[in-house]
Each structure stands twice: as structure tokens, then as C-alpha cells.
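Q: Those protein sequence lines, which keep their order, are chains A and B.
Residue numbers for the first sequence follow this note's numbering, beginning at 483 and rising by one.
Residue numbers for the second sequence follow this note's numbering, beginning at 187 and rising by one.
Note that the Cβ used here is the ideal one computed from N, Cα and C, for glycine as well.
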Amino acid sequence: MSMKASTRQVDGVTIVDLSGRITLGEGSVVLRDTVKDLLGKGQKKILLNLGDVSYIDSSGIGELVSAFTSVRNQGGELKLLHLTKKVHDLLQITKLYTVFDVKDDEAGAIAAFGK
Amino acid sequence: MESTLDSVNKAEEMADQAATQAGFDEDVRSGIAMAVREGMINAVLHGNKYDPGKKVNLTFEHKGPEFIVTIADEGNGFMPDEVPNPLAPENLLKESGRGIFLMRTFMDEVRFRKLNAGTEITLIKRIQESELDRQEAST
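#1: Which residues bound the alpha helix (DSSP H) around T291 of chain B?
#2: Can you list the alpha helix (DSSP H) stretches of 4 or more residues lying completely in the stretch 192–254 of chain B, in chain order?
#3: Can R290 of chain B be considered in contact with the ligand PLP, in the sense that its beta carbon sits closer than 7 Å to one or more heavy atoms?
#4: Any idea which residues DSSP pairs N531 of chain A with across the strands?
#5: Taking only beta-carbon atoms, is V511 of chain A less than 8 Å away from chain B?
#6: On the three-pair Cβ rule with 8 Å, is the stretch 273–280 of chain B touching the stretch 575–591 of chain A?
#7: Check whether chain B comes within 8 Å of T551 of chain A, counting only Cβ atoms and requiring the distance to be less than that.
#8: Alpha carbon to alpha carbon, what distance is there between Q525 of chain A and R299 of chain B?
#9: So, is R297 of chain B buried or exposed, given that buried needs 16 or more other C-beta atoms within 10 angstroms?
#10: Using a C-beta to C-beta distance shorter than 9 Å, which residues of chain A count as neighbours of E295 of chain B?
#11: If I follow the unbroken beta strand (DSSP E) through S552 of chain A, where does it start and stop?
#12: Hey, N234 of chain B and V242 of chain B are a contact pair by Cβ (cut 8 Å); roughly how many whole angstroms apart?
#13: Helix, strand or coil, according to DSSP, for K568 of chain A in the structure here?
#14: Which whole-angstrom value describes the C-beta separation of A204 of chain B and F264 of chain B, a residue pair presumed to lie in contact below a C-beta threshold of 8 Å?
#15: Less than 8 Å separating the beta-carbons of I538 of chain A and L560 of chain A?
#16: Check distances from the C-beta atoms of the stretch 552–586 of chain A to those of chain B and list, in chain order, the residues that come in under 7 Å.
#17: For V535 of chain A, is the classification buried or exposed, using 16 other Cβ atoms within 10 angstroms of its Cβ as the cut-off for buried?
#18: Excluding sequence positions up to five away, which residues of its chain have a Cβ less than 7 Å from the Cβ of H248 of chain B?
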């Protein structure tokens with residue numbers, strides 16, 4: 483299953499709804515291009531909704547890290563929303579769970595972005 | 187197998203099927219499939235560097251309590267010990283370097299062997315007694 487990404491705006495935060503697999507190749511490229519495009523438009527409050535992401539490999543993890551650091555380096559914030567158990571476990575194993583700001587509910591996540 | 191992304195995806199599917207036949211439960215199968223995927227990425231991307239003239243040899247073997255996978259590339263070889271620990275605080279935000287760690291996480295044993303041309307990775311997962319009992323009961 484290929485990866486899909488769609489964006490929507492809520493209270494100044496760009497929510498990226500992702501679905502499919504973030505893996506080496508297409509999935510990683512879609513994520514990279516989406517974040518690059520948002521930063522290019524000056525949208526620096528980004529919430530990645532991973533609720534429909536079924537699988538991430540090491541390349542996908544690398545892409546999440548890259549997105550996180552790119553946004554932060556431009557003075558923005560990137561948070562993760564709705565991790566599936568598989569993705570949650572993978573971020574725990576790789577010790578990235580504490581690096582990312584992970585949220586369970588959308589309204590709370592949006593409120594947590596700095597004004 | 188060809189040194190392509192398609193081979194990586196196919197190998198992952200094959201690993202899941204082979205692990206199912208070996209009797210592993212879903213969680214373990216998923217870990218084995220991920221370890222094989224990471225091993226294949228290593229072979230195709232870092233070993234053979236997508237060179238169409240170089241192949242990857244993938245084997246599955248179920249021997250007694252051991253499920254054994256080998257992945258051999260035809261690249262220049264590498265030293266796994268030189269890959270920095272991805273869990274070290276200074277490496278957490280690196281974009282790459284987690285593949286070998288994931289293989290070691292999901293398998294019981296991971297071995298690397300330098301070949302004349304390339305590297306062979308052997309991934310071993312041991313079938314627990316409870317799983318063997320379940321298989322015997324169903325036959």
C-alpha cells in the first residue's frame with residue numbers, strides 16, 4: 483500500500499493526515515516533500531496524524547527525524563498524533579518516543595502548539 | 187534477487203509467509219519480516235548500491251527449533267561494529283543507522299560474514315517450546 487498525505491488547517495496548525503506505509507522509497511519521499519512544501523510556504527506548526535500509518539521501517543523513522551529537525555531548525559514545531567501500537571512500539575524501542583512530542587487527541591495537540 | 191526496492195518489498199512478504207509456515211505468532215512474524223526488510227535494505231542500498239549487475243541471495247531455512255534467514259549481497263562489504271549506536275544520545279537525531287539495531291532487536295541472533303565479494307547476514311529466530319507444542323498438537 484502506497485503512502486498518501488493530505489493537509490488541512492486548524493487554528494493556525496497544519497495537520498497532515500498520513501495513511502499507508504512510511505518506508506524506503508515512495509512513502510519516505512511523500513513525507514519529505516510534504517514537510518518541505520509546508521516549510522516553503524511558511525507553515526511551521528505541523529501536526530503529523532499517523533493514525534492510518536500501518537508500518538514504518540528504519541528509512542521512515544529517519545524521515546520522521548529529518549522532518550522534526552527541519553521544522554525545529556526553522557523555528558517551528560512538529561508533533562505526532564494518534565500513533566498505532568506498532569509505530570508507538572517502534573518509537574519506544576528506538577528511544578525516539580521521548581524526543582517527539584506525541585499526542586493522543588487532536589484538540590489537545592493543537593492547543594499545545596505555541597501561539 | 188535484483189538490487190531493487192521491489193526486491194525489498196517482496197523479501198518482506200516472503201519472510202512473513204515463511205515465518206507463518208514455521209508457526210510463529212503474529213507479533214514475532216511481524217518482527218522477523220521487519221528484520222528481513224532491514225537486511226534487504228542493507229544489501230540492496232548499502233551493499234549493492236542498486237547496481238543492476240549485482241544480485242542479492244535470500245534463503246529461508248527451518249531447522250529444528252531455529253528459523254534461519256540469510257541475505258548475501260555482492261557489494262564492497264562493511265563492518266557492522268563501525269555503525270554507531272543509534273540509541274546513544276548524540277545519535278538519536280541521526281537520520282540513518284537504525285537497520286542493524288532493528289535486526290538485532292527482533293531476532294535472537296544476527297551474524298555478519300565477509301564474503302569474497304559482499305557481505306552475508308544471517309538472522310536466526312528460535313521457535314519457543316510453546317509454539318512447537320502448538321504445532322505438534324495441530325498435526
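A: Straight from the coordinates:
#1: Start and end: G285 to F292.
#2: For the stretch 192–254 of chain B, whole alpha helix (DSSP H) runs of length 4 or above, ordered along the chain, are 212–227.
#3: Inclusion of the ligand PLP in the displayed structure is not the case, the ligand content being empty and no account of it being possible.
#4: Partner(s): A:D499 and A:L563.
#5: Not an interface residue.
#6: The stretch 273–280 of chain B, when compared against the stretch 575–591 of chain A, does touch it at the 8 Å Cβ threshold.
#7: Taking 8 Å as the CB threshold, T551 of chain A lines the interface with chain B.
#8: Near 48 Å, if we compare the C-alpha coordinates of Q525 of chain A and R299 of chain B.
#9: The C-beta of R297 of chain B has fewer than 16 other C-beta atoms within 10 Å across all chains shown, which makes the residue exposed.
#10: Simply none; closest approach about 18 Å.
#11: From DSSP, S552 of chain A is part of no beta strand (DSSP E) but of the alpha helix (DSSP H) over S540 to N555.
#12: Right, the Cβ-Cβ distance comes to about 7 Å (below 8 Å), so this counts as a contact.
#13: Of the three classes helix, strand and coil, the one that applies to K568 of chain A here is helix, per DSSP.
#14: Not a contact, Cβ separation roughly 26 Å.
#15: With respect to L560 of chain A, I538 of chain A sits apart: the two C-beta atoms are not nearer than 8 Å.
#16: Look at the stretch 552–586 of chain A: the residues with a C-beta under 7 Å from a C-beta of chain B are I575, T576, K577, L578 and V581.
#17: Buried is the call here.
#18: Hits under 7 Å: A208.
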